[in-house]
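Numbering (my numbering), first residue to last: 613 to 639.
A virtual CB, placed ideally from N, CA and C, is assigned to each residue, including glycine.
Worksheet: one structure, shown below.
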Amino acid sequence: MEAERINAIDNQLSSLTARTLELRGYL
């Protein structure tokens with residue numbers, strides 16, 4: 613289903629953003 617794919621991509625984006633913010637906190 614298209615909605616599921618969009619949801620999965622959204623989740624990946626969210627974790628990527630969270631990881632980036634974490635890395636920025638270390639610098």
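Reduced DSSP secondary structure (H/G/I, E/B, other) of Leu639 | Taking the first residue of the sequence shown as 1, we reach residue 639 at position 27. DSSP places Leu639 in the coil class of the three-state scheme, outside both helix and strand.
Rounded separation between Ile618 and Ser626 - CA only | Position 6 of the sequence shown, counted from the start, is the residue given in the question as residue 618. Position 14 of the sequence shown, counted from the start, is the residue given in the question as residue 626. Looking at the two C-alpha atoms, the distance is approximately 12 Å.
From Glu634 to Ala615, what distance separates their C-alpha atoms?
-> What you label residue 634 is simply residue 22 of the sequence shown in a count that begins at 1. What you label residue 615 is simply residue 3 of the sequence shown in a count that begins at 1. Spanning the alpha carbons of Glu634 and Ala615 requires a straight line of approximately 28 Å.
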